[in-house]
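Let me begin by presenting the structure, written as structure tokens, before commenting on it.
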Amino acid sequence: MPRKPTSLAERYRAHRAAFELAQQLGCTPKEAEAELARRANDEKRRAAHEEWLKGRARLEALRNAPLHPVHRPIHRADPEPPPQPYWLRD
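Heads up: the sequence shown begins at 740 in the numbering used here, then just goes up one per residue.
Following this line, the structure appears as structure tokens:
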């Protein structure tokens with residue numbers, strides 16, 4: 740549901756938009772107001788979905804990006820032996 744206009748000018752603009760749409764569609768102004776609210780809701784939903792898709796693309800880009808040298812696993816030619824207890828050390 741659209742937010743209620745706060746000033747008199749906004750109320751008149753909203754009424755005029757609903758009245759002109761009602762004339763185009765051949766319906767009552769109340770039905771035109773409902774149609775305007777539906778269209779506004781669809782636009783908000785579409786914008787939110789586009790933002791979600793952008794975030795999803797950024798996440799996929801981060802997942803597929805090569806690892807930074809600091810975060811790469813260390814592969815040594817001769818791995819260190821596991822630490823021994825103190826009584827077995829030299």
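Even for Gly, the Cβ is constructed at its ideal location relative to N, Cα and C.
CA-to-CA distance, residue j to residue i, given in whole angstroms
i      : j      : result
ALA804 : GLN762 : 54 Å
THR767 : GLU790 : 35 Å
ALA786 : LEU806 : 32 Å
GLU755 : LEU792 : First, the amino acid is wrong: residue 755 is Arg here, not Glu. C-alpha separation (whole angstroms): 35 Å.
ARG777 : SER746 : 22 Å
ALA753 : HIS788 : 26 Å
ASP781 : PRO818 : 60 Å
PHE758 : ARG795 : 40 Å
GLU774 : LYS783 : 14 Å
ARG828 : PRO822 : 9 Å
HIS814 : PRO820 : 14 Å
TYR825 : LEU798 : 47 Å
ALA800 : TYR751 : 47 Å
Secondary structure of residue i, DSSP reduced to three states
i      : result
ASP817 : coil
PRO768 : helix
HIS754 : helix
LEU806 : coil
GLN762 : helix
ARG795 : helix
ARG828 : coil
8 Å CB neighbourhood of residue i in its chain, flanking five on each side removed
i      : result
LEU764 : GLU770, ALA771 and GLU774
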